[in-house]
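J.:
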Amino acid sequence: MILNIITYPDPSLKEACEPVKEINEDIRQLAADMLETMYAAPGVGLAAPQVGRNIRMLVMDPAGKDEPRQPRVLINPQIELSGEEVCSEKEGCLSVPMGYRANVMRKKQVRLRATDLEGNDIDEMLDGFPAIVIQHEYDHLEGVLFIDRISRLRRSLYDSKVKKWLKRKSAD
Ligand code: NI
9 MILNIITYPD
19 PSLKEACEPV
29 KEINEDIRQL
39 AADMLETMYA
49 APGVGLAAPQ
59 VGRNIRMLVM
69 DPAGKDEPRQ
79 PRVLINPQIE
89 LSGEEVCSEK
99 EGCLSVPMGY
109 RANVMRKKQV
119 RLRATDLEGN
129 DIDEMLDGFP
139 AIVIQHEYDH
149 LEGVLFIDRI
159 SRLRRSLYDS
169 KVKKWLKRKS
179 AD
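So in my numbering, spot 142 of the sequence shown is number 150, and the numbers just go up one at a time.
#1: Is D147 buried or exposed, if buried means 16 or more other CB atoms sit within 10 Å of its CB?
#2: Say the cut is 6 Å; is the CB of C101 nearer than that to a heavy atom of the ligand NI?
#3: For D69, count neighbouring C-beta atoms within 10 Å of its own C-beta (all shown protein chains included) and say buried if the count is 16 or more, exposed if not.
#4: Exposed or buried, what is S20 when buried is set at 16 or more other beta-carbons lying within 10 Å of its beta-carbon?
#5: For the alpha helix (DSSP H) containing R157, name the first residue and the last one.
#6: Do the segment 107-121 and the segment 131-148 touch if we need at least three Cβ pairs shorter than 8 Å?
#7: Does the Cβ-Cβ distance between N32 and R64 come in under 7 Å?
#8: Taking 7 Å as the threshold (C-beta atoms), are E132 and L120 in contact?
#9: Once DSSP output is grouped into helix, strand and coil, what is the label at E145?
#10: CA-CA distance, Y166 and S159?
#11: The beta strand (DSSP E) with Q86 in it runs from where to where?
#12: In chain order, what residues of the same chain lie with their CB nearer than 8 Å to the CB of L125, ignoring the 5 residues before and after it?
#13: Where do the N-terminal and C-terminal ends of the alpha helix (DSSP H) with I14 fall, by residue?
#14: Please specify which runs of the beta strand (DSSP E), each continuous and at least 3 residues long, are wholly inside the segment 37-65, giving them in chain order.
#15: Using beta-carbon positions only, say whether T45 and L89 come within less than 7 Å of one another.
#16: F102: buried (16+ other C-beta within 10 angstroms of its C-beta) or exposed?
Printed below as a string of C-alpha cells:
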C-alpha cells in the first residue's frame with residue numbers, strides 16, 4: 009500500500025523517534041509499504057516519521073538507475089561518521105515541498121549498525137552515495153531535515169517560498 013508522505017513544515021517531522029521494540033507483523037507490513045511508497049515516489053530512501061510513524065526505522069535503495077534494485081530495511085540504525093567532508097550535490101527529500109534541492113556537506117564514510125527485518129545484526133562500512141543516503145535518512149529519525157543543514161540565508165529564502173506556496177494551495 010502506498011502511504012501518505014508527510015511534508016514540511018509539519019511539526020511531527022521535528023520529533024526524535026523511539027526505538028522499535030519488536031519486529032512483528034506490523035513492522036514487516038510497514039517495511040513493505042515504505043519500500044512501495046519510496047519506489048513509487050520515486051526516491052532512494054524513506055524514514056518511518058515521513059509516513060507518520062515515530063519509530064527508528066528506515067528503508068533505502070542506493071542502486072543506480074540501471075542497476076538491479078537493492079532494497080534495504082534498517083531497524084534501530086546507529087551511525088558513526090568518518091572520512092573527509094564531501095558535498096552532497098542537490099540533495100532533496102520527499103518531505104521537502106516544491107522539489108527543493110540544495111548542496112549539503114556530509115561525511116564520506118559511515119559505520120552502520122542496525123538490525124534487519126529478520127532480526128540479524130548489521131555492522132558494515134558504507135562509502136560514498138550509500139553513506140550519504142543513510143546520513144540523510146538517519147537525520148529524519150532525529151527530527152532533522154536537510155534544510156536544517158543549509159545556510160540561514162538559503163533557508164529563509166526557501167521558507168518564504170514555502171509560505172507563499174502553502175497560501176496558494178489553501179486558496180485553491
Ligand atoms: Ni528525506
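A virtual CB, placed ideally from N, CA and C, is assigned to each residue, including glycine.
T.: Reading off the structure:
#1: D147 is buried by the Cβ-count criterion.
#2: Result yes, Cβ under 6 Å from the ligand NI.
#3: Counting the other CB atoms within 10 Å of its CB gives D69 a total of 16 or more, which places it among the buried residues.
#4: Exposed: under 16 other Cβ atoms inside 10 Å.
#5: Here R157 belongs to no alpha helix (DSSP H), and DSSP marks it neither H nor E.
#6: Between the segment 107-121 and the segment 131-148, the count of Cβ pairs shorter than 8 Å is three or higher; the stretches touch.
#7: No, Cβ-Cβ distance for N32 and R64 is not below 7 Å.
#8: Yes, the pair counts as a contact, with Cβ atoms nearer than the cut-off.
#9: When DSSP states are grouped into helix, strand and coil, E145 belongs to the helix group.
#10: A direct Cα-Cα distance of roughly 11 Å separates Y166 from S159.
#11: Note, Q86: beta strand (DSSP E), 80-99.
#12: Correct list, in chain order: I31, I35, R36, A39, V81, I83.
#13: Run containing I14: none; DSSP gives neither H nor E here.
#14: Fully enclosed beta strand (DSSP E) runs of 3 or longer: 53-55.
#15: No, the pair does not count as a contact, with Cβ atoms beyond the cut-off.
#16: Here residue 102 turns out to be Leu, not Phe, going by the sequence shown. Classification for L102: buried.
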